[in-house]
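Engineer:
In my numbering, the protein residues as written are 79 to 298.
Here is the structure:
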């Protein structure tokens with residue numbers, strides 16, 4: 079945390095929902111330097127304003143060096159395509175809403191997708207700097223979930239970014255409460271060992287944040 083006594087605020091999947099993100103940030107009693115702000119990944123695709131979302135996140139990172147931005151499955155797959163150029167990934171990216179992201183950067187569709195030439199350098203640098211998980215003394219923050227009975231660092235990126243049902247139904251104490259996104263619920267998913275805060279902002283539902291350790295929810 080930034081300082082002793084600070085709160086942690088985690089925000090679920092944004093998916094290009096710029097206006098909801100601005101409204102949600104305005105509602106959070108968050109103070110940079112005292113509190114910690116953690117984004118759980120999936121900033122891009124499906125929603126209309128991915129470019130503006132990344133603009134805002136880059137601005138926030140420039141003002142708060144303690145800001146945490148995690149890797150979501152949408153960013154993971156896009157970066158895999160960037161690094162490998164494997165054409166088999168392109169239909170998956172399009173099926174996950176990549177065209178909405180491209181539209182948010184303007185009408186010029188004559189771009190080289192594999193080099194991500196449609197992205198400003200600041201946005202590409204932001205994506206390349208995303209981390210797969212983050213730990214505080216009492217919580218683990220991850221996009222999708224974890225495998226049980228292995229060290230946190232031994233989880234592979236596919237699990238961290240993409241796991242779903244096997245993690246959701248798992249009755250396992252990871253030693254710290256897990257805060258995650260990825261799987262959309264109508265309301266936050268709360269158990270004794272995990273809290274899911276993706277509430278389907280890209281489907282017309284709310285964008286959700288949680289304040290920790292109080293477990294107070296904020297929505298926009």
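Backbone N, C-alpha and C define an ideal beta-carbon position, used for all residues, glycine too. All values reported here derive from a predicted model rather than from experimental measurement.
(1) Below 8 Å CB to CB, which residues in the same chain sit around residue 206 once its five sequence neighbours on both sides are set aside?
(2) Assign residue 342 to one of three DSSP states: helix, strand, or coil.
(3) How about residue 150: is its Cβ closer than 6 Å to a heavy atom in the ligand MG?
(4) DSSP three-state call for residue 92: helix, strand or coil?
(5) Taking 6 Å as the limit between beta carbons, can you name the residues of its chain near residue 175, skipping five residues before and five after?
(6) Measure the beta-carbon distance from residue 117 to residue 86 and round it to whole angstroms, keeping in mind my assumption that it falls under 8 Å.
(7) On the premise that residue 266 lies in contact with residue 273, defined as a C-beta separation below 8 Å, what is that separation, rounded to the nearest angstrom?
(8) Return the chain-ordered list of same chain residues with a C-beta closer than 7 Å to the C-beta of residue 192, the five sequence neighbours on each side being excluded.
Structural biologist: In short, the structure shows the following:
(1) In the chain shown, the residue the question calls residue 206 occupies position 128. Excluding residues within five positions, the ones whose Cβ falls inside 8 Å are 157.
(2) Beyond the ends of the chain as shown, which are 79 and 298, falls residue 342; an answer cannot be given.
(3) Because no ligand of any kind appears in the structure shown, any question about the ligand MG cannot be addressed here.
(4) The sequence position of residue 92 within the chain shown is 14, counting from 1. Reduced to three states, the DSSP call for residue 92 is coil.
(5) On the chain shown, position 97 is the one that residue 175 refers to. Result list for residue 175: 123 and 124, in chain order.
(6) What you label residue 117 is simply residue 39 of the chain shown in a count that begins at 1. What you label residue 86 is simply residue 8 of the chain shown in a count that begins at 1. Actually they are not in contact, since the Cβ atoms of residue 117 and residue 86 sit about 12 Å apart, beyond 8 Å.
(7) For the purposes of this step, residue 273 is taken as the residue at position 195 of the chain shown. For the purposes of this step, residue 266 is taken as the residue at position 188 of the chain shown. Confirmed, Cβ separation roughly 6 Å.
(8) Against the chain shown, residue 192 aligns to sequence position 114. If we look at residue 192 and ignore the five residues flanking it on each side, its Cβ neighbours are 159, 160 and 163.
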